[in-house]
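Just add 528 to wherever you are in the sequence shown, counting from 1, and you've got the working numbering.
We put the CB at the ideal spot given by N, CA and C, even for glycine.
Below is one structure, written out as structure tokens; comments come after it.
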Amino acid sequence: MIPVTAFKATVGTEAYFDEETELWVWEKNFDIPAQSDYQVKLTADVDGNDVDWKGYISHGTEIDEFMWFEGESTVNGESGSWMLYESPENPNVWLTSDWTDEDNETVADATFTVMKEGDNEGSWIKFEADATAELDRTVTIFDASMDNEVTIMWSQAEVNGQVMSEAHFDDTAYHCWDANLMDTTCE
């Protein structure tokens, strides 16, 4: 179970307003075969146009309301950010996510960044969609351990696109494919 799935499933339940904490609260139980039950609690603190979110997970007597993720978003859902914590044993930020979804669903992006100490710290992946562009989808991946960036751009409708990876191609040029997914000369 991942936080996005838990968030969507939990926020889809009926919320109640906790007058003592002044928070909106959603709660949901998940039965995962061979692992027993998990409980997810999601809280929202609405302040004007902004919402501060916190997601907690519990599992029997082993985990009691561990803050699994927290973040903020605009009330209209056009932008936000998340921090995902590693585990109850190591409650440090493991991954962050920043996203926007603007212009009547014409332009959107999401970036996920590894925050955990180690070789991959600082690595990130960004997905962009721009319905006004010929190549309307882009994924950019940065591998901090190799100081390498890969950019892939393609047309969702036509499936043609281009990729640039100095580590893979040994140059900084784009390499293209056509609608049949065959290599072709870039125009």
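Give the straight-line distance between the Cα atoms of residue i and residue j, rounded to the nearest whole angstrom.
| i | j | result |
| --- | --- | --- |
| residue 688 | residue 663 | 8 Å |
| residue 593 | residue 646 | 27 Å |
| residue 715 | residue 686 | 16 Å |
| residue 692 | residue 579 | 38 Å |
| residue 671 | residue 679 | 12 Å |
| residue 636 | residue 619 | 30 Å |
| residue 683 | residue 591 | 44 Å |
| residue 717 | residue 640 | Here the chain covers residues 529 to 715 and nothing more, so residue 717 does not appear. |
| residue 655 | residue 568 | 27 Å |
| residue 713 | residue 695 | 20 Å |
| residue 667 | residue 601 | 23 Å |
| residue 698 | residue 669 | 17 Å |
| residue 674 | residue 651 | 9 Å |
| residue 576 | residue 649 | 34 Å |
| residue 616 | residue 681 | 38 Å |
Go ahead and label residue i buried or exposed: buried means 16 or more other beta carbons lie within 10 angstroms of its beta carbon, across all protein chains shown.
| i | result |
| --- | --- |
| residue 544 | exposed |
| residue 542 | exposed |
| residue 612 | buried |
| residue 538 | buried |
| residue 549 | exposed |
| residue 603 | exposed |
| residue 489 | There is no way to answer for residue 489, as the model of the chain reaches only from 529 to 715. |
| residue 574 | exposed |
| residue 599 | buried |
| residue 597 | buried |
| residue 560 | exposed |
| residue 709 | exposed |
How far does the alpha helix (DSSP H) with residue i in it extend, from its first residue to its last?
| i | result |
| --- | --- |
| residue 695 | 694–697 |
Please determine whether the Cβ atom of residue i lies at a distance below 6 Å from any heavy atom of the ligand GTP.
| i | result |
| --- | --- |
| residue 607 | This structure does not include the ligand GTP; it has no bound ligands of any sort. |
So the beta strand (DSSP E) residue i belongs to, where does it begin and stop?
| i | result |
| --- | --- |
| residue 643 | Run containing residue 643: none; DSSP gives neither H nor E here. |
| residue 572 | 564–575 |
* Segments assigned alpha helix (DSSP H), at least 4 residues, entirely inside the region 676–715 -> 694–697
* Considering only residues of the region 609–663, which uninterrupted alpha helix (DSSP H) runs meet the minimum length of 4 residues and lie entirely inside it, listed in chain order? -> none
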